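**Q** Be aware that the sequence shown starts at 980, since it is given in the numbering used here, and climbs by one per residue.
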Amino acid sequence: MNTDISQTILRIANIIISELKLEEVTPETFDADLDLIDEVGIDSMDLATVALVIRDEFGIRIDEDDYP
980 MNTDISQTIL RIANIIISEL KLEEVTPETF DADLDLIDEV GIDSMDLATV ALVIRDEFGI
1040 RIDEDDYP
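1) Have a look at Glu1036 and Ile995 and give me their C-alpha separation to the nearest angstrom.
2) Find the nearest neighbour of Ile1039 within the set Asn981, Thr982, Ile991 and Ser985, judged by alpha-carbon distance.
3) With Arg1029 and Leu1001 assumed to form a contact (beta carbons below 8 Å), what rounded beta-carbon distance in angstroms separates them?
4) What whole-angstrom Cβ distance do Leu1015 and Leu1031 have, given they're in contact under 8 Å?
5) So what's Ala1030 in DSSP terms, helix, strand or just coil?
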């Protein structure tokens, strides 16, 4: 995997782990294919919070249509 992509995944994993307070997961063990809603049980407010932090961290725009 490309180093830039790996670093981006680690940054996103850190955000998700921190915001959702996932105590058993580290950025290195984080599964990028994890279904946060069905497998972790987060709600729409948690998902929106994570999306906003990712938006701010990376300076990207996330359309409302992209939210589940």
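Built from N, CA and C at the ideal position, the CB exists for glycine as well.
Note that the coordinates shown come from a computational prediction; the quantities given were computed from them, not determined experimentally.
**A** For this structure:
1) 12 Å
2) Ile991
3) Looking at the sequence provided, one finds Val at residue 1029 rather than Arg. 11 Å between Cβ atoms; not a contact.
4) That pair is no contact at about 15 Å.
5) helix
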